[in-house]
Amino acid sequence: MAARGGMQVSAWNLPRNPILVKCLRARLRPAHLFTHGLISLVVAAFIFLSVYLSTSERGVLDSELAARAALLPLVILQGVILMFLGTGAVASGVALERDSGVLDYTRMTPMSTAAKIVGYLFGLTIREWYMFALTIPFVVAAVVIGEIALQKIFWLYLAFFSSVILYHLTGFCAGMISKKPRRANWGAMIWVVLLYVFLPNFARTGFTFLEFLTVRPTIYGMVQEEFFARMSQWDQAEMAVRARQWQEVAFFGTTLSPLVFTLLVQAVACLAFLLVITRKWRQETNHAFSKVGAMTVFLLFQVLLLGSLWPIFGTPHEEILRDPTLPEAGMQVFHSSSFFGAWSPESTARSPFAAGLLSARPRVLIYVFFLLSGLLALLFINTTTPSGPTYQKSLRRARKHGRADVPILGDGASSLPAVLVMVTATALSYVLVMWLAHRNGHLNPPGLWEMAAPFLLFATVLLYSQALRECWGARGLLLAGFVLWVVPAMVALILLAAWDEAVTAGWIATSSPLMAGIYVVEGLAPSDHEFAMRFAAEHYPAFTRLALGISTGLCLIFLPLLRRARARIRAASA
Amino acid sequence: MIATRDLRVDYGAVTAVHGLDLEISEGEIFGLIGPNGAGKTSTIRVLATLLEPTYGDVLIGGHDVAEEPEEARALLGYMPDWAPVHDDLKVWEFMDFFACAHGLPPADRKRRIAACLDLVELSSKRNEFARNLSRGMKQRLVLAKTLLHEPRVLLLDEPASGLDPRARIELREILKELVGRGRTVLVSSHILTELADFCTAVGIMEKGRMVVSGKVDEIVRRLTPRKELIVEILEQDERALEIIRSDPRVSDVSGERFLEVSFDGDDEDASRLLARLVSSGVKVKAFHERRPDLEDIFMRIGAREVS
Chain A
1 MAARGGMQVS
11 AWNLPRNPIL
21 VKCLRARLRP
31 AHLFTHGLIS
41 LVVAAFIFLS
51 VYLSTSERGV
61 LDSELAARAA
71 LLPLVILQGV
81 ILMFLGTGAV
91 ASGVALERDS
101 GVLDYTRMTP
111 MSTAAKIVGY
121 LFGLTIREWY
131 MFALTIPFVV
141 AAVVIGEIAL
151 QKIFWLYLAF
161 FSSVILYHLT
171 GFCAGMISKK
181 PRRANWGAMI
191 WVVLLYVFLP
201 NFARTGFTFL
211 EFLTVRPTIY
221 GMVQEEFFAR
231 MSQWDQAEMA
241 VRARQWQEVA
251 FFGTTLSPLV
261 FTLLVQAVAC
271 LAFLLVITRK
281 WRQETNHAFS
291 KVGAMTVFLL
301 FQVLLLGSLW
311 PIFGTPHEEI
321 LRDPTLPEAG
331 MQVFHSSSFF
341 GAWSPESTAR
351 SPFAAGLLSA
361 RPRVLIYVFF
371 LLSGLLALLF
381 INTTTPSGPT
391 YQKSLRRARK
401 HGRADVPILG
411 DGASSLPAVL
421 VMVTATALSY
431 VLVMWLAHRN
441 GHLNPPGLWE
451 MAAPFLLFAT
461 VLLYSQALRE
471 CWGARGLLLA
481 GFVLWVVPAM
491 VALILLAAWD
501 EAVTAGWIAT
511 SSPLMAGIYV
521 VEGLAPSDHE
531 FAMRFAAEHY
541 PAFTRLALGI
551 STGLCLIFLP
561 LLRRARARIR
571 AASA
Chain B
1001 MIATRDLRVD
1011 YGAVTAVHGL
1021 DLEISEGEIF
1031 GLIGPNGAGK
1041 TSTIRVLATL
1051 LEPTYGDVLI
1061 GGHDVAEEPE
1071 EARALLGYMP
1081 DWAPVHDDLK
1091 VWEFMDFFAC
1101 AHGLPPADRK
1111 RRIAACLDLV
1121 ELSSKRNEFA
1131 RNLSRGMKQR
1141 LVLAKTLLHE
1151 PRVLLLDEPA
1161 SGLDPRARIE
1171 LREILKELVG
1181 RGRTVLVSSH
1191 ILTELADFCT
1201 AVGIMEKGRM
1211 VVSGKVDEIV
1221 RRLTPRKELI
1231 VEILEQDERA
1241 LEIIRSDPRV
1251 SDVSGERFLE
1261 VSFDGDDEDA
1271 SRLLARLVSS
1281 GVKVKAFHER
1291 RPDLEDIFMR
1301 IGAREVS
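Residue numbers (the working numbering), protein chains in the order written: chain A, 1 to 574; chain B, 1001 to 1307.
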C-alpha cells in the first residue's frame, strides 16, 4: 500500500497554513476572544481617552494636538502587546512543544520548513495579533482627529512590524535552542534586552546601525512631530538634534532614509535568526549556525560596522571638532544633557571635557569596533565549534563515504578555518578604517607596530579562544574567560580603587582583552590629556607588549593541544 | 522495508546503540525487546529521522534516512513512548491538524479522521479536549494520528506502556489488523509478554547491541536445543529419579515431586520415558514439555543490565 502523497500548502498561504489554523483553534477560543479582547479594548480606550480628553477638555491642547499626543502611548501599548507578550508567547510556545515532543510530529509532516516557520511565527502570536487589532480603532481615531499624514503612519508601522517580526524571531530562536519552556521565555527576554536595549547604546559611540535594531530612529527621524505635540523649549532643541541625527543615515559615502536603513539592518538580523531556526528545524542536533552561515552573518556585520565608521572617519577631524553635531558624525553621546547640562553645539565646542571626549573618540571607535567584532566572533566560535564526540561522529560518517577527513564546512569540522576567515575580514575592515582615519587626521599611529597591535590582540585572542573551545568545550571556554579576562580586571579595579596602584593594576589587567584593548588603541593616537598622556606614554607600550605576549603564548599552548586532541580522535576512529 | 547496517548512536561519550543490524520485511510485526536504556528508543528515533545516527546505514523503503529524510518520512508513522498530544486542542482538531499537515485532500479528510478514530474507538470522544483524555486514550489518539496518512511503516515506541489490560488487548488487535492491511510495524516494549503473542519476529537488545533476533520459534529453538520436561509425581519416589537419570538423553534433573528434566530427545523418546516411569509403578500426575517463552529466553541470555 502506498503512502499518501498530499497537497502541500504554500508557506505564504496563511489562512490555510495547518499550524496557523491549529493555533487559531487552540489560542483563540471564545473565552480568549472575550477576556483578552476586553483587556485590550479597555486598556487602549483608557489610554486614548485619558490622554485625549484630559488635554482637549481642559483646553491644554486643541483636539488635533490632543489626538496626536495619544498616538505615542497607543504605539507603546501595541509594542508591549506584540513585542513583549508576543515574543514570550513564541519562545515559550516553541519550547513547550519541543519539550513535550509534539514538535517532532510536526517535524515529520511533509510541510515545507518555510511553512512550518511561518505557521509557528504567526500562530503562536495569534492572540497577541488579535489584541493588537483591537487597538487599531483608537489609532485610527488618533490619526483622523490628529490629521496625521497617512504616509508617515505607513512608515511608522512598516518599521514597527519589521521590529515585531525581528523580536518574534528572537523568541523563536530562543525556543528552538533552550530545553525548558520557562528558560526559553527568560532567554528570549534576555536576548531582547541585550539586542534591542543594551546593544543600541553602542550607537552613541558612532555605530549608528545598532540603533536601527529598534523602531526609535524611524520615530525620531521621520514621524516625531506627529507624536510630540507639546514640548518645552529644551525638548524642542533635543528633538531637533535627534531629528537631525536620524533624518538621514550616513552609510559609507551615501545617505539613506532611516526607514530603509531600519529595514536593511533588521533584515540582516532576521536572516541570522532564520538560519538558526531553519537548521534546528531540520535536525535538532545541528549547530545553531553552519560555518557558512556564521561567516556570512559576520561578513554582513563587518559591512555594517564599516559602513557606520566610514562617514565618521571620512569626515576631516577638524570639521567634526568644529561641529560635533554633524549627522554623519553620529555623535549622540556628546550631546547628552547628562554630560553638558542644557546642551547646545556651542557649549559642547567650548567645554574642555567635551573637547577631550572628542579627541578620544577615534580610539573609542576602534576599541568598540574590535569589541563588537570579537563578541560576535566569540558567539560564532561557541556555536560552530564541534565537541570531540561530534568530530568523531563526523569523522566516522566521512570515512563511510570514503573521505579521509570531515568536510571543511561541516558541523563536525574544526571552526578554525571559519575563525581565520572572520579574522581576515576584520583585518580588511581595519585596514580600510585606518587608511581613512589616517587620511582625515583622526588617528596618527607613530609606526606599524602601534597600528598592528590592536588587530594582533584581536586575532590572537580569537585563535586561542577557538582552540580552548574545541579542546575543553563551552564550559572550559567560559571558565578560562572568567579566570583570564574577568578576574584580572576585577583585581586591577580593586588595586586602583583602594591604593591608586595604577601601574600594578595595569600589569595585572593585561591578560584581560577588555583592558588590554584600552592599552593597544592608545598607541593609535596619544591622549591629549596631560596626565593621561604621561602615564600612557610611560606604561602603555609595555602593557601592550605583555598583553600580546600573553595572548600569543596562549595561542602557542592551545593550538598544538588542539592538534594533538584531534589526532587522538582520528587515531581512535581509524 | 526497514534495514539498518552497523548502526551506531552516540550521546557524547555514551554509546546508546552499537553496531545494530536489522532487516524487517514488508508486512512484518517486529518486536524490539530490551530493558529500559537498552537503546530501543534511540534506534526508533533514528529510524524516524529524528536523530542522526553516528554511523551506519539506515534505510526505510530503500531511502537512506540521513541522505533522504523527506522521502523516508513520507513512508513513516511514528508514535513516541510518552505519546504527547496538544492538550488545548479537541480530539477532532488534533486529527484535523495532522490531516492538513500531511496534505490530505479536503474531501478525504473527514472520512480518514472518522475511520482512524473508529479504529482506535475514540469516535465518541471527538469533541473532547485532549487534556481530558485518560493516558490510554491519549495513546490511542496518537496511534490514530499516526495512521492518518496511511504510512507503510509504523514505528511504535512502547505503545502499550500505561495502558490497562483491556486497552492492551485492544491495541494488540489494532496492530494485527494493521499488519493484515500490509503495514510493516516495528514495535518496542520492555514488557515481553506484550509482544510474544503477535510479533512475527523479535529482536532482543541489551547495552545497545542486538543480542538475538529472528522468528520467535526459531529463537526458542536456537537458544534452547534441549527440551525441558516437567514430570509431576504424586509422592516422592527414588525410583522416578533413578529411571530418569538412567536415560542417556537426560542431562540434568532437579526437584523432588515436581521434577524439571533437561532432555535431548524427540517426542518418541519422551513418550518412552513416560512409559518406563508408569510401568515401574511411579505415580505420574503430569508429564509435559515446558515451552520457553520470550521471558525465559530473555532471562537466559542474561539481558538484565542496561547500557
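From the three backbone atoms N, C-alpha and C, an ideal C-beta is built for every residue, glycine too.
Is it buried or exposed for residue i, if we count other Cβ within 10 angstroms and need 16 for buried?
| i | result |
| --- | --- |
| B/Met-1205 | buried |
| A/Ser-415 | buried |
| B/Pro-1225 | exposed |
| A/Tyr-577 | Since the displayed chain A opens at 1 and closes at 574, residue 577 of chain A lies outside it and no answer follows. |
| B/Arg-1239 | exposed |
| A/His-335 | Caution applies to A/His-335, whose pLDDT of 44 falls short of 50 and renders its modelled position unreliable; the model cannot decide the point. |
| B/His-1288 | exposed |
| A/Ile-557 | exposed |
| A/Lys-22 | buried |
| A/His-317 | buried |
Taking only the alpha-carbon atoms, compute the straight-line gap between residue i and residue j and give it to the nearest angstrom.
| i | j | result |
| --- | --- | --- |
| A/Pro-345 | A/Leu-371 | Confidence in A/Pro-345 is poor, its pLDDT being 49 and thus under 50, which makes the residue's placement too unreliable to answer from. |
| B/Ser-1246 | B/Phe-1258 | 18 Å |
| A/Ile-190 | A/Tyr-196 | 10 Å |
| A/Leu-194 | A/Leu-264 | 20 Å |
| A/Pro-362 | A/Leu-443 | 7 Å |
| A/Phe-154 | A/Ala-44 | 20 Å |
| B/Val-1216 | B/Asp-1108 | 39 Å |
| A/Trp-343 | A/Arg-68 | Bear in mind that the predicted position of A/Trp-343 carries a pLDDT of just 45, short of 50, making it too unreliable to give a figure here. |
| A/Thr-109 | B/Glu-1232 | 59 Å |
| A/Arg-534 | A/Tyr-367 | 21 Å |
| A/Leu-49 | B/Ser-1042 | 60 Å |
| A/Val-461 | A/Gly-410 | 24 Å |
| A/Ala-404 | A/Ala-571 | 12 Å |
| A/Thr-296 | A/Met-451 | 27 Å |
| B/Leu-1076 | A/Pro-417 | 39 Å |
| A/Thr-552 | A/Leu-561 | 14 Å |
| A/Leu-457 | A/Ala-537 | 19 Å |
| A/Leu-61 | A/Lys-152 | 22 Å |
| A/Ala-498 | A/Leu-514 | 21 Å |
| A/Lys-589 | B/Leu-1051 | This structure does not reach residue 589 of chain A, given that chain A is present from 1 up to 574, and the question cannot be answered. |
| A/Ala-31 | A/Arg-16 | 23 Å |
I want to verify the contact list: residues of chain A whose CB lies under 9 Å from the CB of residue i, in sequence order.
| i | result |
| --- | --- |
| B/Glu-1028 | Neighbours of B/Glu-1028 on chain A: none; closest Cβ ~14 Å, over 9 Å. |
So with CB distances below 8 Å, who are the chain B contacts of residue i?
| i | result |
| --- | --- |
| A/Ala-11 | Residues of chain B passing the Cβ test: none, with the nearest at roughly 13 Å. |
| A/Gly-101 | Pro-1080, Trp-1082 and Pro-1084 |
| A/Thr-106 | Ala-1101 |
Which chain B residues sit within Cβ distance under 9 Å of residue i?
| i | result |
| --- | --- |
| A/Arg-25 | Asp-1088, Leu-1089, Lys-1090, Glu-1093, Asp-1096 and Phe-1097 |
| A/Asp-405 | The premise fails here: A/Asp-405 is roughly 16 Å from chain B at the closest Cβ pair, so nothing lies under 9 Å. |
| A/Asp-500 | Those do not exist, as A/Asp-500 stays about 50 Å from chain B at its closest Cβ, beyond 9 Å. |
Give me the chain A residues within the contact set of residue i, using Cβ-Cβ distance strictly less than 8 Å, ordered along the chain.
| i | result |
| --- | --- |
| B/Gly-1012 | Ser-387 and Pro-389 |
Mind pulling the chain B residues with CB within less than 7 Å of residue i?
| i | result |
| --- | --- |
| A/Arg-397 | Tyr-1055 |
Discussion item. What are the residues in the segment 1039 to 1057 of chain B lying within 9 Å of chain A by C-beta distance?
Written reply: Correct list: Arg-1045, Ala-1048, Thr-1049, Leu-1050, Leu-1051, Glu-1052, Pro-1053, Thr-1054, Tyr-1055, Gly-1056 and Asp-1057.
Worksheet item: Using a beta-carbon distance cut-off of less than 9 Å, what residues from the segment 279 to 303 of chain A approach chain B?
Response: Listed by position, the residues of the segment 279 to 303 of chain A near chain B (Cβ gap below 9 Å) are Arg-282, Gln-283, Glu-284, Thr-285 and Asn-286.
Fill in: Where the segment 364 to 392 of chain A meets chain B: residues whose CB sits under 8 Å from a CB there
Under the 8 Å Cβ criterion, the segment 364 to 392 of chain A contributes Ser-387, Pro-389 and Gln-392.
Worksheet item: At a cut of 8 Å, does the segment 409 to 427 of chain A reach the segment 379 to 387 of chain A through at least three beta carbon pairs?
Response: Taking 8 Å as the limit for Cβ pairs, the verdict is that the segment 379 to 387 of chain A does touch the segment 409 to 427 of chain A.
Discussion item. Please identify, using Cβ separations under 9 Å, the residues of the segment 400 to 428 of chain A that lie next to chain B, in order along the chain.
Written reply: Answer in chain order: Lys-400.
Practice prompt. Could you tell me whether the segment 1072 to 1082 of chain B touches the segment 1045 to 1062 of chain B, where touching means 3 or more Cβ pairs closer than 8 Å?
Written response: In short, these stretches touch, since the Cβ pair count reaches three.
Discussion item. Assess contact between the segment 1152 to 1165 of chain B and the segment 1118 to 1137 of chain B, defined as three or more Cβ pairs (one per stretch) separated by less than 8 Å. Is contact present?
Written reply: Touching, yes, given that three or more Cβ pairs across the two stretches are closer than 8 Å.
Item to complete: Would you be able to state if there are at least three C-beta pairs under 8 Å between the segment 457 to 471 of chain A and the segment 490 to 509 of chain A?
Response: Cβ pair count under 8 Å is below three, so no.
Fill in: Residues in the segment 1239 to 1266 of chain B having any Cβ partner in chain A nearer than 8 Å
Those residues of the segment 1239 to 1266 of chain B that come within reach of chain A (Cβ to Cβ, closer than 8 Å) do not exist; the list is empty.
Fill in: Contact list for the segment 1162 to 1178 of chain B against chain A, Cβ threshold 7 Å
Here the close residues number zero.
Worksheet item: Is the segment 1115 to 1123 of chain B in contact with the segment 126 to 146 of chain A, if contact means three or more CB pairs nearer than 8 Å?
Response: Touching, no, given that fewer than three Cβ pairs across the two stretches are closer than 8 Å.
Practice prompt. Could you please tell me which residues of the segment 118 to 139 of chain A, in chain order, have their CB closer than 7 Å to any CB of chain B?
Written response: Listed by position along the chain: nothing, the set is empty.
Practice prompt. Please name the residues in the segment 1059 to 1078 of chain B whose beta-carbon is closer than 9 Å to at least one beta-carbon of chain A, in chain order.
Written response: Against chain A - using a Cβ distance shorter than 9 Å - the residues of the segment 1059 to 1078 of chain B are Gly-1061, Ala-1066, Pro-1069, Glu-1070, Arg-1073, Ala-1074, Leu-1075, Leu-1076, Gly-1077 and Tyr-1078.
Worksheet item: the segment 18 to 51 of chain A: which residues have C-beta closer than 8 Å to a C-beta of chain B, in chain order?
Response: Listed by position along the chain: Pro-18, Ile-19, Val-21, Lys-22, Arg-25, Ala-26 and Arg-27.
Worksheet item: Between the segment 202 to 221 of chain A and the segment 177 to 188 of chain A, do three or more beta carbon pairs fall short of 8 Å?
Response: Touching, no, given that fewer than three Cβ pairs across the two stretches are closer than 8 Å.
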